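Heads up: the sequence lines are chains H and A, in that order. As numbered in our numbering, the first sequence has no gaps in its residue numbers, which increase by one up to the final residue, 76. As numbered in our numbering, the second sequence has no gaps in its residue numbers, which increase by one up to the final residue, 606. Glycine included, each C-beta is placed from N, C-alpha and C at the ideal position. All of these numbers come straight from a predicted model, not from anything done at the bench. A short write-up of the structure that comes next.
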Amino acid sequence: MDRMIEILKGLHPEVDFESCNTLIENKILDSFDIVSLISEISDEYDVVIPAVEIIPENFNSAKALYELVERLLEDE
Amino acid sequence: MLFTSYHFILFLVLVFVIYYLIPKKFQWMFLLFVSYVFYSFAGIKYFVYILATTLSTYIISGKLNKLQVIQSNFLKENKETISKEDRKAYKATIKLKRWKWLLLCLILNFGLLGVLKYTDFMISNLNSIFRMVNTKEQISFFRFALPMGISFYIFQTMGYIIDVYREKYPPEKNIFKLALFISFFPQLIQGPISRFDDLKETMFEEHAYSHRNVSFGIQRILWGFFKKLVIADRLLIAVNILKGNLEDYQGIYVVLLIFFYAIELYADFTGGIDITIGIAQVLGIRVKENFERPFFSKSITEYWRRWHITLGTWFKEYLFYPISICKPMLNLSKACRARFGDQIGKRFPVYIATIVVWFTTGFWHGASWNFIVWGLLNCLVIIISQECSPLYAKFHARFHVGHTFYYRLFQILRTFWLMSFLRTFDLYRNVGTTFRMFGTIVTKLNINVLFQGGLMKLGLTLSDYLILLFSGVVLLTVSLVQRSGSVRVKLAAKPMVVIYATYFALFLSVLLLGAYGIGYDASQFIYNQF
Numbered sequence: 001m002d003r004m005i006e007i008l009k010g011l012h013p014e015v016d017f018e019s020c021n022t023l024i025e026n027k028i029l030d031s032f033d034i035v036s037l038i039s040e041i042s043d044e045y046d047v048v049i050p051a052v053e054i055i056p057e058n059f060n061s062a063k064a065l066y067e068l069v070e071r072l073l074e075d076e
Numbered sequence: 077m078l079f080t081s082y083h084f085i086l087f088l089v090l091v092f093v094i095y096y097l098i099p100k101k102f103q104w105m106f107l108l109f110v111s112y113v114f115y116s117f118a119g120i121k122y123f124v125y126i127l128a129t130t131l132s133t134y135i136i137s138g139k140l141n142k143l144q145v146i147q148s149n150f151l152k153e154n155k156e157t158i159s160k161e162d163r164k165a166y167k168a169t170i171k172l173k174r175w176k177w178l179l180l181c182l183i184l185n186f187g188l189l190g191v192l193k194y195t196d197f198m199i200s201n202l203n204s205i206f207r208m209v210n211t212k213e214q215i216s217f218f219r220f221a222l223p224m225g226i227s228f229y230i231f232q233t234m235g236y237i238i239d240v241y242r243e244k245y246p247p248e249k250n251i252f253k254l255a256l257f258i259s260f261f262p263q264l265i266q267g268p269i270s271r272f273d274d275l276k277e278t279m280f281e282e283h284a285y286s287h288r289n290v291s292f293g294i295q296r297i298l299w300g301f302f303k304k305l306v307i308a309d310r311l312l313i314a315v316n317i318l319k320g321n322l323e324d325y326q327g328i329y330v331v332l333l334i335f336f337y338a339i340e341l342y343a344d345f346t347g348g349i350d351i352t353i354g355i356a357q358v359l360g361i362r363v364k365e366n367f368e369r370p371f372f373s374k375s376i377t378e379y380w381r382r383w384h385i386t387l388g389t390w391f392k393e394y395l396f397y398p399i400s401i402c403k404p405m406l407n408l409s410k411a412c413r414a415r416f417g418d419q420i421g422k423r424f425p426v427y428i429a430t431i432v433v434w435f436t437t438g439f440w441h442g443a444s445w446n447f448i449v450w451g452l453l454n455c456l457v458i459i460i461s462q463e464c465s466p467l468y469a470k471f472h473a474r475f476h477v478g479h480t481f482y483y484r485l486f487q488i489l490r491t492f493w494l495m496s497f498l499r500t501f502d503l504y505r506n507v508g509t510t511f512r513m514f515g516t517i518v519t520k521l522n523i524n525v526l527f528q529g530g531l532m533k534l535g536l537t538l539s540d541y542l543i544l545l546f547s548g549v550v551l552l553t554v555s556l557v558q559r560s561g562s563v564r565v566k567l568a569a570k571p572m573v574v575i576y577a578t579y580f581a582l583f584l585s586v587l588l589l590g591a592y593g594i595g596y597d598a599s600q601f602i603y604n605q606f
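Shown next, in the form of structure tokens:
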């Protein structure tokens, strides 16, 4: 989880990712950030996030993203 | 059958009355029947195409589901015995089979669209190449007639099959329900490009008569007619004159054309969508919004989030993300990062996907270089503004003007004019002419000509200009009120006399101020041709 927050901080240092759960709704993350994020997550966790998983519920918070990665790793 | 024709209004009244008179369980079947009747007015011969799309999608979505069921059963039965590697390999085999079926469906349907819409464009380019190399060889054009709404219903249907492939929802087992989703008449000709999971809930359920739905729906339809008949069709007269005579209408006239066309296109397209959503609402069906006051956008990316939303979402979900996050692209990005640094490596997949999306968006709008150049120029502006974002950040850190009213107004006007300039590529016959006419804004501006009777030579009288001014003020006021919630909900809270007076005023405006009669032409919606 800490590493996930570090990755997110790399994109937007000004955001408090520990508490923010409206990253998509408040347009903090745009499509540019999402692609960068998926690329870094792929490097870090060796997991492929498919396009179908790019929905606000999975990207609205660091916690949701972490849970998505865990779920994808489990499914493999 | 045009939305603005008397035939269509009669058709609509009959549909509404019968829909609420028949047993509720037959309502969706009735909608399928009337959608096909509506489609038959465009030409019986076109049925073969929409039936081909329906059948191919139905059969292939069934195959995709069957393979998925086989996989789940196999994995369930062998849960205890199968190793992790074998499980992975088995899933990969099934995935490949499903991918092949999906590909077949995409090739069949986009292939059909490609052949019908783009064959003559390809031939015309080949003929140009032949002429350039001095070959006398010329290929004859096929001149295929484009079936009504094909760009819209194929995109909607392919979105459905991709969602089924991605297991977002199970496929529809009833072919007639799928057929209605594809052919639902209000949205058949110019969208919105709906998603099955958004529509199915209200499309197939039973609907009792709801006064609120019917009155809200009719208000929305009237509002659409107002935009189309009072504003768009009136501006169309001037637009046709301005773009039709290149030598007489240069300089300031090009600026005027850009402004008129921006408003015409907005009133035309959003008016058509208002009619579509209004009809659906009378029937109790919820259709997604396609616009969110785009002319209030402060940047081009925001504009594209608020204009033709369903097409933008389609491209984002089914083209932009699949390209930018696919394995080869991520590997390429990694290689770029290693060679050229983090910043370039990060941008690489996004920019490649952006270029592909905008090229396709342009091409989707029409088989001509004008649209392709328009799409790529949009892309260029988006990339430039992305690259300039650190500069903007520095500017805002230095000068704290970002939240002032005037700065926001400047951003809105800048975005409006930029988008309107780009849209001009729809108008002139080719890219070269468009750039030449842009050039005359600098070389032959001559503003005075407008005040020396120039405005009166555009097919519009003084009363037309006054009607346009009045309508523009109404349009702007409604948009401003909308920012804090639905105008119709606010209106519904008013006394009955206010509600009916508004109804009456709107109806009267459409009837009296609409562009009808001698000199006017009941025109098609601009987006019908896409």
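Excluding five sequence positions before and after His12/H, the CB atoms of its chain that fall closer than 7 Å to its own CB belong to Ile28, given in chain order.
For Ala64/H, the closest Cβ of chain A is not nearer than 9 Å. Residues Gln326, Gly327 and Val330 of the same chain have their beta carbon placed closer than 7 Å to that of Thr516/A, with the five preceding and five following residues left out of the count. Around Ile297/A, the same chain offers Ile351 and Gly354 as residues with beta carbons nearer than 6 Å, after the five sequence neighbours per side are excluded.
The region 463-474 of chain A and the region 300-309 of chain A do not touch, with fewer than three beta-carbon pairs separated by less than 8 Å.
Taking the C-beta atoms as reference points, Gln232/A is found nearer than 9 Å to Ile269/A. Between the alpha carbons of Phe206/A and Asp196/A lies a distance of about 15 Å. The beta carbon of Ala429/A sits closer than 9 Å to some beta carbon of chain H.
The beta-carbon of Lys152/A is placed no less than 9 Å from the nearest beta-carbon of chain H. A direct Cα-to-Cα measurement between His441/A and Arg499/A gives close to 12 Å. Put simply, the region 445-455 of chain A touches the region 490-508 of chain A. At least three CB pairs are less than 8 Å apart.
Neighbourhood of Phe59/H in chain A, by CB distance below 9 Å: empty, with the nearest CB roughly 12 Å away. When C-beta distances to chain A are compared with 7 Å, every residue of the region 13-24 of chain H stays at or above that value. Among the residues of the region 285-316 of chain A, none has a Cβ less than 8 Å away from any Cβ of chain H. The Cβ-Cβ distance between Phe261/A and Val432/A does not fall below 9 Å. Contact residues of the region 456-479 of chain A toward chain H are Gln462 (C-beta to C-beta distance below 8 Å).
Counting only unbroken stretches of 4 or more residues, the alpha helix (DSSP H) elements lying wholly within the region 490-543 of chain A are 507-519 and 524-527, in sequence order. Spatial neighbours of Val426/A in its own chain (CB-CB distance under 7 Å, excluding positions within 5 residues in sequence) are listed in chain order as Ser400. In terms of CA proximity to Phe486/A, Phe372/A leads the group Lys249/A, Ile258/A, Phe372/A and Trp390/A. Among the residues facing chain A, Asp43/H is included, as its CB has a counterpart in that chain under 9 Å away. Rounded to the nearest whole angstrom, the CA to CA distance from Asp273/A to Lys319/A is 42 Å.
Assignment of Ala581/A by DSSP, reduced to helix, strand and coil, places it in the helix class. The DSSP assignment places 103-118 as complete runs of the alpha helix (DSSP H) inside the region 83-129 of chain A, in order along the chain (cut-off: 4 residues).
Three or more pairs of CB atoms, one per stretch, sit closer than 8 Å, so the region 115-124 of chain A contacts the region 212-225 of chain A. Taking 7 Å as the cut-off between beta carbons, the residues of the region 417-444 of chain A near chain H are Lys422, Pro425 and Val426, in sequence order. Rounded to the nearest angstrom, the gap between the Cα atoms of Tyr125/A and Phe218/A is 17 Å. Within the same chain, Cβ atoms closer than 7 Å to the Cβ of Ile334/A are found at Ser496, Phe497 and Thr500, the five residues on either side in sequence being excluded. Look at Lys142/A: its C-beta is not under 9 Å from any C-beta on chain H.
Check the Cα spacing between Leu73/H and each of Asp2/H, Glu14/H, Leu23/H and Pro50/H: the tightest is with Pro50/H. Neighbourhood of Ser400/A in chain H, by CB distance below 7 Å: Val35, in chain order.
When rounded, the separation of the alpha-carbon atoms in Ile349/A and Ala356/A is 10 Å. The continuous stretches of alpha helix (DSSP H) do not include Lys304/A, and DSSP gives it neither H nor E. If you ignore the 5 residues before and after Val290/A, its C-beta comes within less than 6 Å of the C-beta of Val358, all in its own chain and listed in chain order. Where Glu365/A is concerned, there is no enclosing alpha helix (DSSP H), because DSSP gives it neither an H nor an E.
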